[in-house]
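K.L.:
Residue numbers (this note's numbering), protein chains in the order written: chain A, 1 to 321; chain B, 1001 to 1311; chain C, 2001 to 2530. By construction, the Cβ of each residue, glycine as well, lies at the ideal position given by its N, Cα and C atoms. Fair warning: this is a prediction, and the values are worked out from it, not measured in the lab.
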Amino acid sequence: MRLVLKRLVNSIFLSIGIATLVFFLIRILPSVSFPDIYLNPRLSEEMIRKIESTYGLDKPLLIQFLNWLKGIITGNLGFSFIHRKPVINCIMESLSSTLTIGIPALVYSFGVGILIGVQSARNYGKLIDRITSSSLLVLYSIPSFWLGIILILLFSYTFRLLPPSGLHSFNFNEMNFFEKTFDLLHHIFLPALTLGTPPMAAIAKFTRNTMLKVLSQTYIKTAIAKGLDQKTIFYRHILPNALLPVITLFGLYLPVFFAGSIVIEEIFSIPGIGKSMVDSILQRDYPLTVGITLFVSFIVIVGNLISDVLYSIFDPRIRLK
Amino acid sequence: MKNQRKILGIAILIILYLSLADIIIPFDPIASPDKQNLSNLPPLSKAYELTIESGEKMFVLNYRIYNRFVYYDQKFSSGKIEIDKLKKVKTLLFVFGTDNLGRDVLSRTIYGGKFSLIIGIFSSLLAFIIGVFVGTISGYFGGIIDKILMRATDVFLAFPKLFLILVIIALTPSQTILSLVLVLSLLNWMSIARLIRAEFLRLKEAEFVLALESVGLPGLRIALKHILPNAIVPALINIPLMVGDIILTESILSFLGFGVQPPTPTWGNMISEAEKSLISTWWLPILPGLLISGTVLAMNWISDITFESKT
Amino acid sequence: MRFNHLPLFLLITLIIFASCTRKTEKNYIIIGSTIDIDSFNPYLSTSLFTQDLLDRVYLRLAVEHEDYKTFTPLLAKRWEWSKDSTQITFYLRNDVYWTDGVKTTAYDVEFSFKAATSPDVAWLNAEDIIRNIEFVKALDETTLIVKYRYVYPYQLTDINDVWIVPKHIYEKIPFSEWRRNGYFDEKPVTNGPYKVARWERGQIIELVKNENYFNKNYPKIQKIFVKIVPNESNLLLQFLNGEIDVLPSIPPAVAEKYENNPNFKFIKYPFLAYEYIGWNQKNKIFADKRVRQALSYGINVDEIIKVILKGNAVRATSPFPSIFWAHNEKLKPYPYDPEKAKKLLSEAGWKDRDGDGILDNVINGKKVNFKFTLITNAENLTRKEIATAIQNDLLKLGIKMEIQVFEFNTFMRHILNKNFDAVLSGWRVATKPDLATIFHSEAIKAGHNIVSYSNLYFDKLNDSAAVLNNLSEAKILWDKVQEIIYEDQPYTFLYEPIRISGISKRIDLKTVRMNSISFLYNLPEWELSK
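#1: Looking only at C-alpha atoms, which of C:2277, C:2302 and C:2134 sits nearest to residue 2292 (chain C)?
#2: Would you list the one or two residues that DSSP bridges to residue 2401 (chain C)?
#3: Between residue 165 (chain A) and residue 2234 (chain C), how many whole angstroms is the CB-CB distance? I'm expecting something under 8 angstroms.
#4: Just mark residue 2181 (chain C) as buried or exposed, buried being the case when its beta carbon has 16 or more other beta carbons within 10 Å.
#5: Determine, using beta-carbon pairs with one atom in the stretch 2063-2071 of chain C and one in the stretch 2099-2111 of chain C, whether at least three such pairs fall under 8 angstroms.
#6: Compute the Euclidean distance between the alpha carbons of residue 1007 (chain B) and residue 1112 (chain B), then round it to the nearest angstrom.
#7: With DSSP as the reference, label residue 1262 (chain B) as helix, strand or coil.
#8: Can you pull the chain C neighbours of residue 47 (chain A), defined as C-beta to C-beta under 7 angstroms?
#9: Any C-beta of chain A within less than 9 angstroms: which residues of the stretch 1273-1296 of chain B qualify?
#10: Could you tell me whether the stretch 1103-1111 of chain B touches the stretch 1027-1042 of chain B, where touching means 3 or more Cβ pairs closer than 8 angstroms?
#11: When you compare each of B:1288, B:1072 and B:1247 to residue 1177 (chain B) by their alpha carbons, which one comes out closest?
#12: When DSSP labels each residue in this structure, what does residue 232 (chain A) get in the three-state scheme?
#13: When the cut-off is 9 angstroms and only beta carbons count, does residue 2161 (chain C) lie next to chain A?
#14: Would you say residue 2022 (chain C) reaches chain A, if we count a Cβ-Cβ gap shorter than 9 angstroms as a contact?
#15: For residue 2219 (chain C) versus residue 2523 (chain C), is the C-beta distance shorter than 9 angstroms?
#16: What's the gap between the Cα of residue 1196 (chain B) and the Cα of residue 1139 (chain B)?
#17: Distance, Cα to Cα, residue 6 (chain A) vs residue 305 (chain A)?
#18: Looking only at C-alpha atoms, which of C:2228, C:2449, C:2131 and C:2087 sits nearest to residue 2435 (chain C)?
#19: With the cut-off set at 9 angstroms, would you say residue 2270 (chain C) and residue 2323 (chain C) are in Cβ contact?
#20: On the three-state DSSP scale, how would you describe residue 311 (chain A)?
#21: Return the residues of the stretch 1086-1102 of chain B that lie within a Cβ-Cβ distance of less than 8 angstroms from chain C, sorted by chain order.
#22: Measuring only between beta-carbons, confirm whether residue 2251 (chain C) sits less than 9 angstroms from chain B.
#23: So residue 1300 (chain B) contacts chain A; which residues on that side make the cut at Cβ distance below 8 angstroms?
#24: Per DSSP, which residues does residue 1975 (chain C) bridge with? Please list them.
#25: Check whether the stretch 1068-1085 of chain B and the stretch 1113-1123 of chain B touch, using three or more Cβ-Cβ pairs below 8 angstroms as the test.
#26: Sort A:242, A:194 and A:199 by Cα distance to residue 208 (chain A) and report the nearest one.
#27: Taking Cβ to Cβ, would you say residue 2299 (chain C) is nearer than 9 angstroms to residue 2336 (chain C)?
#28: Give a yes or no on whether the minimum CB-CB distance between residue 2229 (chain C) and chain A is below 9 angstroms.
#29: What's the gap between the Cα of residue 2388 (chain C) and the Cα of residue 1226 (chain B)?
#30: Compute the Euclidean distance between the alpha carbons of residue 2154 (chain C) and residue 2431 (chain C), then round it to the nearest angstrom.
#31: My output table needs one value for residue 2330 (chain C): the three-state DSSP class, helix, strand or coil.
#32: Determine the contact status of residue 310 (chain A) and residue 247 (chain A), defining contact as a CB-CB distance below 9 angstroms.
#33: Name the two residues that bound the continuous beta strand (DSSP E) containing residue 2344 (chain C).
#34: Taking DSSP as the reference, what is the three-state secondary structure of residue 2122 (chain C)?
#35: Identify the continuous beta strand (DSSP E) that holds residue 1066 (chain B) and give its terminal residues.
#36: Which partner residues of residue 1104 (chain B) appear in the DSSP bridge assignment?
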């Protein structure tokens, strides 16, 4: 437990380190920092300096950095240039959109993935297994970017069944609970499907492999030889042992679902973390970029940590180092 | 043995594709013979190339011969010419349609695949080499060097990729395929490094290594000649997966203005441009997407069969 | 097995419940946009779309007409010039209230002028106003005097550019804090025909009818929703599916494809802008006038308009668009004439001496091939296609052109640092004619003369034309100025875009007016179809 805590603290420092790197590197980018400057050729030097000073950009870089560091300790990530709001609020808003897609996608990919994997393994060698295995391979190979485009073409363009974008309708606030739920499901179906399908295929494949491994183990064979009830064997012995390793994937996929996908948020017009990141970089909103970097890198590192921890729990041979 | 033949088959297929891509394309992938009349034709469209007496060529969508005249229809106009003046008629078939500039999608996809595959394969090989290098050093030396390298790997893993790309654009004066390969390999070596390191740590304790050490072989020699070859094998499986990943990442780069510049097509930039004109020309992304999926599928299949033959 | 049906059952229940929707009021329209607004504080807005929208919630002194010369009263009932024409007295309406109940007075205008000219606010358009207007003073609640430093033709335009904001709200925050403060966006206080009901960043803006608007006849439509969908294909799809009623700009290829669809209409109108290729004269190749002319002859702009823009553009000939009064209509676009281009090039010394298919020349004792790179921004698909077409055209002349695209900020940096050979870009044109910012030799060092064009005769003419008070005399000078530019071709002027806006059949087309000022020009007058 101490080790986990230590690594958690480490990962906080590591993500601050990464954010620091971004903090300095972002100044290398060619930038016109504020749209005012290219829109208005006659903006005087004095005015540009005035604008910069309101954002604290006139101070030496090191001072700016120290201020930022001081802010982090007090939980203040700075102030976004484009949104005129604290960075932390911007991140929270984007995060809620990302999670609206991410959580259903997570449930879908693990739920359906495990289900298919288990079924496939139970029918090992049969035609159904071969069909699912090869279709999983195909699903796994389709780029999500393209999958999203094709799904939009099919469901929104050709059949006009599902909306291609956004998270809810314009009159969402006036709806009752059922309408709201339906509206939400209606909107998140395509993006969640696109986001969740490649991980789903990977999880199914992994589940199938671990299942097969467990099935070939001697204690299962013993159990079968002892003549235990089929169901008991399956639910008491095979399933838990096969699913434990699958759970470790959770950490690995954490960033996929919670850190926002640039591509999916782009094609489905979802104002999530990934989109926010791209916008902040393209518009050179330094504090927001650094803030999101801090958040995303933390999630990635913690995700790795979680999968390591889970792995060591389930496989005592491997110790956390 | 059978698996090796399958892998060899795919390798030959790729090499054949790369060398034949320029020859088998039916149309010029960069410039259309007639922008006006061949623009935005849907899949399976036909057009006719009429060669007139003066050697001039004319592209028409339809024509019929009636009363010593050839009547033709073009996109914006129609007209007629005397039948004696018509020298030759060639039928053109655009199986996957044409784009806004009248270029054949099939030709562009075949031609662009060359760049996508080269970028994908070379970047993943380079990423593999970087990964093996870092992983080996980390695993062999251990201790503080290992710690530093692993933290660096973590940093690269968690670093926002898009941002890194922009920084690199800012730092490189001109962008070539080479710089693209460099960037893409820099973004993808981390998992290989981790894998190699883990294998190294495992193999260090393996019996045969201990035996070699007891014989008194120098450590470096053991590492390079005995551990490394064994450690590389499981990491090799990752190369095919990476090729597919990189071909896709290239499409994201193109919207940042990085990478292969227009009018040269790649599967990636064809899809990302097609996405913008999806409503007027829905057929543009179909073929490049299918080919990316096919390539990745083939690669995954290779990694699958190598994996299964190992276990 | 029973378990498997549970989700399905839930879903069906849900659908049944959801389909029993209450009838919501249908008196609304939805406008689609790819970008969100910057802020409800007009002094912080930079995008055109923000200004379009803010103009429906804030009142100006007067309404500018499409000719950019005449005005009709709005907040000001009437105005009169002093004898020497350096002062205008405005008489404001007495019945305009801010949405929090406070009356809109001349003191608000006075305060707004202070804000507009304050260096702490650093407003985008402050420059002209600071230079031309001496002071603005409220005599009482409804009388306002504006004192100008000198007499010039655009006195009304300038004062009308000043956004009028509520003094009692905006003075709570010091000017220097404006850019960092989200206060203005929390509950915007406005006085226009619509008021702000909701703003969910990046998703939706809801405007509702201002019940206290002084003109009780307007607005006709109760609610305006602005739906923000960053992905353009996505937005178009929603428009085609009838989920969005108004779309400010539609790609020409889409408009061509759906031209005859009865569910929506496309409105086409000119836009005060033009696209050009700038030839950087710091590059020795482009320093020669004949080369630039040859390039203009060698690019088939008509084909570009026909193929890429599906005919939705007008050939540009000068930096003043053809709908603008100062435009010189005698200038005819450079025709596509490769033979003439070749002739001009060989006159300038460009010939294919080594037979490699690429022209070459000797500049400063060194052999130079005619090779250069054209840059443009990566986000703009149309520009990328145009660049490709130009590449084809120039190759036929023996000129090798590479294309390099950049992400917007990087692109702007390259332009402003003059770090390019040729650039494909566009300008929006100010409503006051002045070419100093882009072609004056003084604008090479600080300004937007990105191609480093320098012609002293041009400088002199432009400067005298810009301050001429008599517009018909000024027109004569502007015509001459444009002739110089036409001859020198610092840019190859490509085209003036025609904007295509789409509206659904839900809106009564007869009531809608869109023009180069705004696609929402008369939004309060729009009505739904019966």
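P.N.:
Based on what the coordinates show:
#1: For this step, residue 2292 (chain C) is matched to residue 292 along the third sequence. Among C:2277, C:2302 and C:2134, the Cα nearest to that of residue 2292 (chain C) belongs to C:2277.
#2: If you number the third sequence from 1, residue 2401 (chain C) lands on position 401. DSSP, once it has assigned bridges, lists C:2372 as partnering residue 2401 (chain C).
#3: One-based indexing of the first sequence puts residue 165 (chain A) at position 165. One-based indexing of the third sequence puts residue 2234 (chain C) at position 234. Right, their Cβ atoms sit about 4 angstroms apart.
#4: The sequence position of residue 2181 (chain C) within the third sequence is 181, counting from 1. When all chains shown are included, residue 2181 (chain C) counts as buried.
#5: no
#6: As a working note, residue 1007 (chain B) is residue 7 in the second sequence. As a working note, residue 1112 (chain B) is residue 112 in the second sequence. The alpha-carbon atoms of residue 1007 (chain B) and residue 1112 (chain B) are separated by roughly 23 angstroms.
#7: In the second sequence, the residue the question calls residue 1262 (chain B) occupies position 262. DSSP places residue 1262 (chain B) in coil when its eight states are reduced to three.
#8: Position 47 of the first sequence holds residue 47 (chain A). Correct list: 2119 and 2122.
#9: 1274, 1275, 1278, 1279, 1282, 1285, 1286, 1288, 1289, 1290, 1292, 1293, 1294, 1295 and 1296
#10: yes
#11: Within the second sequence, the letter at position 177 stands for residue 1177 (chain B). Comparing Cα-Cα distances from residue 1177 (chain B) to each of B:1288, B:1072 and B:1247, the minimum goes to B:1247.
#12: Translated into positions along the first sequence, residue 232 (chain A) becomes position 232. Correct three-state label for residue 232 (chain A): helix.
#13: What you label residue 2161 (chain C) is simply residue 161 of the third sequence in a count that begins at 1. No, no contact with chain A.
#14: Working through the third sequence from its first residue, we reach residue 2022 (chain C) at position 22. For residue 2022 (chain C), the predicted model reports a pLDDT of 48, less than 50, meaning its position is unreliable and no value from the coordinates is stated.
#15: Within the third sequence, numbered from 1, the residue matching residue 2219 (chain C) stands at position 219. Within the third sequence, numbered from 1, the residue matching residue 2523 (chain C) stands at position 523. Result yes, Cβ atoms of residue 2219 (chain C) and residue 2523 (chain C) sit closer than 9 angstroms.
#16: Within the second sequence, the letter at position 196 stands for residue 1196 (chain B). Within the second sequence, the letter at position 139 stands for residue 1139 (chain B). Near 8 angstroms, if we compare the C-alpha coordinates of residue 1139 (chain B) and residue 1196 (chain B).
#17: The residue you call residue 6 (chain A) lines up with position 6 of the first sequence. The residue you call residue 305 (chain A) lines up with position 305 of the first sequence. Answer to the nearest angstrom: the Cα atoms are 11 angstroms apart.
#18: Numbered from 1 along the third sequence, position 435 holds the residue referred to as residue 2435 (chain C). The candidate whose alpha carbon is nearest that of residue 2435 (chain C) is C:2449.
#19: Within the third sequence, the letter at position 270 stands for residue 2270 (chain C). Within the third sequence, the letter at position 323 stands for residue 2323 (chain C). Yes.
#20: What you label residue 311 (chain A) is simply residue 311 of the first sequence in a count that begins at 1. It is helical.
#21: 1100, 1101 and 1102
#22: As a working mapping, residue 2251 (chain C) is identified with position 251 in the third sequence. For residue 2251 (chain C), the answer is yes, since a Cβ of chain B falls inside 9 angstroms of its Cβ.
#23: In the second sequence, counting from the first residue as 1, residue 1300 (chain B) sits at position 300. Here the neighbours are 137, 140 and 141.
#24: Beyond the ends of chain C as shown, which are 2001 and 2530, falls residue 1975 (chain C); an answer cannot be given.
#25: no
#26: Position 208 of the first sequence, counted from the first residue, corresponds to residue 208 (chain A). It is A:242.
#27: In the third sequence, the residue the question calls residue 2299 (chain C) occupies position 299. In the third sequence, the residue the question calls residue 2336 (chain C) occupies position 336. It is a contact, given that the beta carbons lie within the stated cut-off.
#28: On the third sequence, residue 2229 (chain C) is found 229 positions in, with the first residue counted as 1. True, the Cβ-Cβ gap to chain A drops below 9 angstroms.
#29: For the purposes of this step, residue 2388 (chain C) is identified with residue 388 of the third sequence, where counting begins at 1. For the purposes of this step, residue 1226 (chain B) is identified with residue 226 of the second sequence, where counting begins at 1. Distance between the alpha carbons of residue 2388 (chain C) and residue 1226 (chain B): 54 angstroms.
#30: The residue labelled residue 2154 (chain C) in the question sits at position 154 within the third sequence. The residue labelled residue 2431 (chain C) in the question sits at position 431 within the third sequence. So the two alpha carbons sit approximately 9 angstroms from each other.
#31: Here residue 2330 (chain C) refers to the residue found at position 330 of the third sequence. Coil at residue 2330 (chain C), not helix or strand.
#32: If you number the first sequence from 1, residue 310 (chain A) lands on position 310. If you number the first sequence from 1, residue 247 (chain A) lands on position 247. Closer than 9 angstroms, so yes.
#33: If you number the third sequence from 1, residue 2344 (chain C) lands on position 344. No beta strand (DSSP E) contains residue 2344 (chain C), which is instead part of the alpha helix (DSSP H) from 2338-2347.
#34: For the purposes of this step, residue 2122 (chain C) is identified with residue 122 of the third sequence, where counting begins at 1. Correct three-state label for residue 2122 (chain C): coil.
#35: Walking along the second sequence from the start, residue 1066 (chain B) turns up at place 66. Residue 1066 (chain B) -> beta strand (DSSP E) spans 1062-1066.
#36: Counting from one through the second sequence, the residue named residue 1104 (chain B) turns up at place 104. Per DSSP, B:1098.
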